[in-house]
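According to numbering that gives the first Met the number 0, the sequence shown is numbered sequentially starting from 0.
Just so it is clear, CB atoms sit at the ideal spot from N, CA and C, and this is done for glycine as well.
First the structure, in the form of structure tokens, and then the observations on it.
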Amino acid sequence: MRADLHTHSACSDGTDSPAELVRAAREAALDVLALTDHDTTLGWDEAAECAGPQGIELIRAVEVSTQVRGMSVHLLGYLFDPTHAELMQELDHARRSRQTRARKMVELLGQDLDIGYDDVLAVTRPGTTVGRPHIADALIGNGLVASREEAFAKYLHPGGPYYLTHYAPQAAHLVELVAAAGGSTVLAHPFAGWRGRTEADQDVADLADAGLFGLEAYHRDHRREDVRRALEVANRLGLAVTGSSDYHGSGKPNRLGENLTDQAVVRAIQERSSGVPVTGS
Ligand code: AMP
Ligand code: FE
Ligand code: FE
Ligand code: ZN
0 MRADLHTHSA
10 CSDGTDSPAE
20 LVRAAREAAL
30 DVLALTDHDT
40 TLGWDEAAEC
50 AGPQGIELIR
60 AVEVSTQVRG
70 MSVHLLGYLF
80 DPTHAELMQE
90 LDHARRSRQT
100 RARKMVELLG
110 QDLDIGYDDV
120 LAVTRPGTTV
130 GRPHIADALI
140 GNGLVASREE
150 AFAKYLHPGG
160 PYYLTHYAPQ
170 AAHLVELVAA
180 AGGSTVLAHP
190 FAGWRGRTEA
200 DQDVADLADA
210 GLFGLEAYHR
220 DHRREDVRRA
230 LEVANRLGLA
240 VTGSSDYHGS
250 GKPNRLGENL
260 TDQAVVRAIQ
270 ERSSGVPVTG
280 S
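This is how it looks when you write it as structure tokens:
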């Protein structure tokens, strides 16, 4: 089985529509695809409709930006009930806060550069979870940078003069909420240290106590020693291990299927999660 459990569509900061993503999954010879847009379930229905005809098992999911001790922590939430009121409120809150933050960041950028929020709206699908990649796309559109990479390096990185944070729930709370909604959580790229501060082993242990299911060990942002550490921590805490691409279409070099998750782990996620069925295939 070829299963990729972490991908983004244009409902967040990927560039493929959900239907295009499912078709790309088939072209990449995947059997199982999880759609994990940032803080939204907006793409679920379109992807689910396309999955069956393409012979893809679709795992409906999200990637939630959370925090631990002020550190940004990404949690993948799988197969939860998308009508769970408290969980949906958290995601709504995050998306609204992201919009305010994006407007403010663009206002700051606009003091030095030729850019306005209309330029961001022009490169964003209605309803999309707005993130820095969309501001990057607007900068590209205005000829100010050549790539998202350059936009992050020059203007959008944390600590830079234009960077602002947005609302993010506490990670342990999010783990509990996803579980209450019948789903399972996996910590995304936990030890991608070159990005900045990462979780301590104790933070992961606390999340395991809250009900975390697994760690995404195989991810291109993990160096060999990061993978080794993730495997060791997972083994010590009795957590499952996943691997995935974190595909963003043409927004990042990550290719579908470049890391995969074992069939037994995929089946375990499906069996322990009751919020929504797997669709397609
Ligand atoms: P945000 O959620 O608005 O804080 O933006 C973070 C998102 O930007 C991540 O989910 C990545 O997909 C993307 N990202 C982060 N760094 C880069 C980079 N150097 N080049 C392209 N995309 C990036
Ligand atoms: Fe992203
Ligand atoms: Fe992430
Ligand atoms: Zn991601």
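query, result
"From this set, Ala216, Asp3 and Asn258, which residue's C-alpha is nearest alanine 229's C-alpha?", "Ala216"
"Just to confirm the assignment: which complete beta strand (DSSP E) runs, minimum length 3, are found wholly within the region 49 to 134?", "56 to 67 and 70 to 77"
"Starting from aspartate 200, trace the alpha helix (DSSP H) in both directions and tell me its first and last residue.", "200 to 209"
"Tell me, to the nearest whole angstrom, how far the beta carbon of valine 21 is from that of alanine 50; I am working on the premise that it is less than 8 Å.", "5 Å"
"Since glutamate 187 contacts histidine 5 with CB under 8 Å, what's their CB separation in whole angstroms?", "Sequence inspection shows alanine at residue 187; the glutamate mentioned does not correspond to that position. With a Cβ gap of about 6 Å, alanine 187 and histidine 5 count as contacting."
"Of all the options Gly130, Val63 and Gly274, which has the alpha carbon lying nearest to the alpha carbon of glutamate 89?", "Val63"
"Quick one: using the 10 Å Cβ neighbour count with 16 as the cut-off for buried, is glutamate 26 buried or exposed?", "exposed"
"Is any heavy atom in ligand 1 found nearer than 6 Å to the beta carbon of glycine 69?", "no"
"Look up glycine 213 in the DSSP assignment and say whether it is helix, strand or coil.", "strand"
"Apply the 10 Å Cβ neighbour rule to threonine 127 and answer buried if 16 or more other Cβ atoms are within range, or exposed otherwise.", "buried"
"Please look up how many angstroms separate the CB atoms of alanine 167 and glutamine 66, rounded, as I've assumed it's under 8 Å.", "5 Å"
"With DSSP collapsed to three states, give me the class of histidine 172.", "helix"
"Determine whether the beta carbon atoms of leucine 34 and alanine 23 lie at a separation below 7 Å.", "no"
"For ligand 4, is there any heavy atom lying closer than 6 Å to the beta carbon of glutamate 62?", "yes"
"Give the secondary structure of alanine 33 by DSSP, where H, G and I count as helix, E and B as strand, and everything else as coil.", "strand"
"Hey, is the region 172 to 192 in contact with the region 145 to 154, meaning 3+ C-beta pairs nearer than 8 Å?", "no"
"Buried or exposed, going by whether 16 or more other CB atoms sit within 10 Å of the CB of methionine 104?", "buried"
"Residues around ligand 2, please: the condition is that the C-beta lies closer than 6 Å to some non-hydrogen atom of it.", "His7, Asp12, His37 and His247"
"Determine whether the beta carbon atoms of arginine 94 and aspartate 38 lie at a separation below 7 Å.", "yes"
"Look at glycine 248 and threonine 14 and say whether their C-beta atoms are less than 7 Å apart.", "yes"
"From glycine 142 to valine 122, what does the alpha carbon distance come to, in whole angstroms?", "14 Å"
"I think glycine 130 touches glutamate 175, with their Cβ atoms under 8 Å apart; what is that distance to the nearest whole Å?", "Rounded, the Cβ-Cβ distance is 25 Å, inconsistent with contact."
"In whole angstroms, what separates the C-alpha of valine 277 from that of leucine 74?", "19 Å"
"By Cβ distance, which residues of its chain are closer than 6 Å to glutamate 198, with the 5 residues on each side in sequence left out?", "Pro189"
"Checking the sheet assignment: what are the DSSP bridge partners for aspartate 3?", "Leu32"
"Taking the straight line between their C-alpha atoms, what separation do you get for arginine 254 and proline 125?", "26 Å"
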